[in-house]
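So the structure is just underneath, and the comments pick up after that.
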Amino acid sequence: MKTSDTLMKIYRELFKAFGPQGWWPGDGPFEVLVGAVLAQNTNWGNVERAIQNLKAAGKLSPEGLHRTKLPELAQLIRPAGYFNVKAKRLKNLIDWFFENYNGNLKEMFSEKLDPLREGLLSVKGIGRETADSILLYAGDTPSFVVDAYTYRVLSRHLLIPEDSTYEEIKSFFEDNLPKDVQLYNEYHALLVKVGKDYCKPRNPRCRECPLGELLGVPTLEG
DNA sequence: TGCCAGGCCGGGT
DNA sequence: ACCCGGCATGGC
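For the first sequence, my numbering gives the first residue as 76, with consecutive numbering after it.
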């Protein structure tokens, strides 16, 4: 079977089994952008607390964050963990955002995808996953997001080599799927769902995994 | 209780 | 070019 057919089949089956995951709905693009930094290697519940703190303090806006001093910002986002580094990273991002796009989201997302991605990656503290999350979930830009779950699920089921890099996995999807924002959005979220509930760390046999059962996709043993 | 969470950077090899 | 320690809170 062609890779593109396999990927679409997996998507359809996962969507049928789990439905829409509702990632980053209706919060507005700026909140998503902030959340993308706070979510780095961190449980989503903790991120929500930090966001609530920012909201309650009236700081959850481009201008609000731009004005806030580093120590105060760090205290507000404390529940998200790594609060000192993340405060710095948020400031870096916001500073860059104002320097290049006047703190205007519309202006920023009207930039072409590749240059914008490069710009985001030039910010200290914004890596590939964070950049792609911002592009996809805040900007509705078709940039596929890869994360630890994506890698684990795909490599366990022998869909990609174990030594695949981020960009290779990203291309694996983008080269074999229609360039569709909603598809990228839901696909990533569904892979996270599978990775969380079935394809867990320290469970290399991946028992009961819906990819193995429902699709007949081979599973890496041992 | 220890392990894990929607990473990334910087320094050492 | 890889590998690793550091960063930190909260849930199960």
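Ideal Cβ placement from N, Cα and C applies to all residues, glycine included.
On a predicted model such as this, the values are computed, not experimentally measured, just so you know.
- For Arg142, the enclosing alpha helix (DSSP H) has its first and last residue at 137–142.
- Ile244 sits away from Thr216, with the two beta carbons spaced by 8 angstroms or more.
- A distance below 8 angstroms separates the beta carbons of Ile85 and Leu286.
- Contact annotation, Leu211 with Val198: C-beta distance approximately 17 angstroms; criterion of less than 8 angstroms not satisfied.
- Counting only unbroken stretches of 4 or more residues, the alpha helix (DSSP H) elements lying wholly within the stretch 159–209 are 180–184, 188–197, 203–208, in sequence order.
- If you check the CB distance, Val122 and Gly110 come in under 8 angstroms.
- When rounded, the separation of the alpha-carbon atoms in Tyr259 and Glu138 is 30 angstroms.
- Nearest C-alpha to Gln150 among Ile126, Ser208, Pro190: Ile126.
- Per DSSP, the continuous alpha helix (DSSP H) segment holding Trp119 begins and ends at 119–131.
- The beta carbons of Gly200 and Arg164 sit closer together than 8 angstroms.
- With fewer than 16 other CB atoms across the displayed protein chains lying within 10 angstroms of its CB, Glu174 is exposed.
- Assigned with DSSP and collapsed to three states, Arg227 falls in helix.
- In the structure shown, His232 adopts coil according to DSSP, grouped into three states.
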